[in-house]
Amino acid sequence: MQGSGTQGAAALRPMLRFAPSPNGFLHVGHAYSALLNERLARQLGGGLLLRIEDIDATRCRPEFEDALLDDLAWLGVRFDGVPLRQSERFGVYGAYIGRLTSAGLTYRCFCSRSDIAAATRASGETRRDPDGASLYPGTCRCGEQGPAPDLAGRPFSLRLDMAKAVQQATAITGDAPLTMPSLDAALHAETIAVDPLAWGDVIVARKETPTSYHVSVTVDDALQGVTHVVRGRDLEAATAIHRLLQTLWGFPAPAYLHHDLIRDASGEKLAKSLGSKPLRQLRAEGVTPQELRASLGF
Ligand code: GLU
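Quick note on full-length UniProt numbering: the sequence shown kicks off at 1 and runs consecutively.
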């Protein structure tokens with residue numbers, strides 16, 4: 001199923017992105033990530049995009065989007081072009097999910113959270129994914145038969161059959177294990193092995209949203225020509241899933257830089273309290289953008 005998404009890796013203009021979710025106010029940790037993206041884009045002679053990751057209609061609100069645009073303008077981070085809003089792109093994500101389904105890599109899951117908790121207890125499954133959640137026990141993974149008839153009409157999510165997906169991806173890579181091109185802050189590159197199996201059968205389309213974070217972030221990074229993904233360490237383990245999807249869809253691998261918690265100008269970790277302080281609050285306290293940039297080492 002490789003193919004139409006593939007882009008030539010040669011001579012791509014470096015392209016970075018900052019991709020906040022408007023489900024709350026931006027805090028100092030976000031400011032650090034945006035400023036690091038800005039600095040690296042400049043260092044690499046590339047561009048910087050803003051992407052609004054608002055697929056979760058229950059948590060994202062227009063007032064948070066307005067506030068984040070305003071806070072980023074206050075901070076003085078400049079982006080190329082107009083922001084891309086993920087909630088306007090469900091059709092694009094659906095087409096890529098459809099390719100996974102046509103390749104036999106997804107199945108319908110009718111389980112509720114409590115169904116999963118009960119099945120997990122009953123099966124004695126104790127493994128957890130890298131975020132600490134129980135692995136899906138596979139209740140709805142029913143091979144070729146499709147959903148049981150009495151479930152017709154009930155809402156379902158689509159899950160990736162992870163074992164099959166990894167098998168298909170390694171067939172594409174000629175049995176080479178999946179890896180992530182990783183950069184450190186000085187832009188030294190290394191290749192790190194990644195393990196999507198550790199995540200179990202992840203959801204690719206939710207019951208209430210026709211996509212998922214993993215699908216939309218992977219599709220948009222590729223279609224927007226993102227060459228360097230710079231984001232927090234908390235998303236490093238999820239990159240295994242993104243590398244798997246990139247391989248299945250024939251997308252090139254961007255270089256990944258997962259930064260630590262924010263640091264101050266001397267390289268020490270800033271107190272957590274400051275890291276989670278909303279930029280709105282600092283602004284109200286009279287902090288200037290120059291002061292904030294300087295305190296973060298920019
Ligand atoms: N939207 C995600 C967040 O706000 C970031 C996703 C990413 O950078 O890949 O945490």
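Just so you know, even glycine gets a beta-carbon here, dropped at the ideal spot from N, CA and C.
Item                                                                                                          : Value
Ala165 beta carbon less than 8 Å from that of Leu178                                                          : no
Residues that Glu125 bridges to, as DSSP identifies them                                                      : Partner(s): none; Glu125 has no beta bridge.
Cys140 to Cys111 span [Cα, whole Å]                                                                           : 8 Å
Range covered by the alpha helix (DSSP H) that runs through Glu190                                            : Element bounds for Glu190: not the alpha helix (DSSP H) but the beta strand (DSSP E), 189-193.
Residue span of the beta strand (DSSP E) that contains Ser157, given as start and end                         : 157-160
Near the ligand GLU: Glu53 beta-carbon under 7 Å from a heavy atom                                            : yes
Local conformation of Ser87 per DSSP, three classes                                                           : helix
Thr209 and Ile55 closer than 8 Å at C-beta                                                                    : yes
Check: Arg231 C-beta below 7 Å from any heavy atom of the ligand GLU                                          : yes
Straight-line gap, Leu48 to Gly24 (C-alpha atoms, nearest Å)                                                  : 22 Å
Own chain residues within Cβ distance below 6 Å of Gly225, not counting five before or after                  : Met15
Integer-rounded CB distance, given that Leu44 should sit under 8 Å from Arg293                                : The pair is not a contact, with the Cβ atoms about 19 Å apart (cut-off 8 Å).
Any non-hydrogen atom of the ligand GLU closer than 7 Å to Pro83 Cβ                                           : no
Bounding residues of the alpha helix (DSSP H) (the contiguous stretch that carries Ile241)                    : 239-249
Gly8 versus Cys60: straight-line alpha-carbon distance, rounded                                               : Annotation note: pLDDT 47 at Gly8 (below 50); position unreliable, coordinate value reported separately. Computed Cα separation, rounded: 35 Å.
Cβ-heavy atom distance, Pro20 to the ligand GLU, below 7 Å                                                    : yes
Contact test: Val217 Cβ vs the ligand MG heavy atom, cutoff 7 Å                                               : Among the ligands in the structure shown, the ligand MG does not appear; only the ligand GLU can be found there.
Opposing strand residues paired with Ala255 [DSSP bridges]                                                    : His228
Nearest candidate by alpha-carbon position, reference Ala73, set Pro289, Gly297, Ser295                       : Pro289
Assigned exposure category for Ser4 - 16 Cβ within 10 Å defines buried                                        : In this predicted model, Ser4 has a pLDDT of only 42, less than 50, meaning its place in the structure is not dependable; the value taken from the coordinates is given anyway. Ser4 comes out exposed.
Gly204 (DSSP reduced to helix, strand or coil)                                                                : For the sequence presented, residue 204 should be read as Val rather than Gly. Looking at Val204 - three-state DSSP - the assignment turns out to be strand.
Bridge partners - Tyr107, DSSP secondary structure assignment                                                 : Arg159
Enclosing alpha helix (DSSP H) for Gly29 [first to last residue]                                              : 28-44
CB-CB length for Phe90 against Thr218, believed under 8 Å                                                     : That pair is no contact at about 15 Å.
Outcome for Leu158 when other beta-carbon atoms lying within 10 angstroms are tallied against a minimum of 16 : buried
Bounding residues of the alpha helix (DSSP H) (the contiguous stretch that carries Leu69)                     : 62-75
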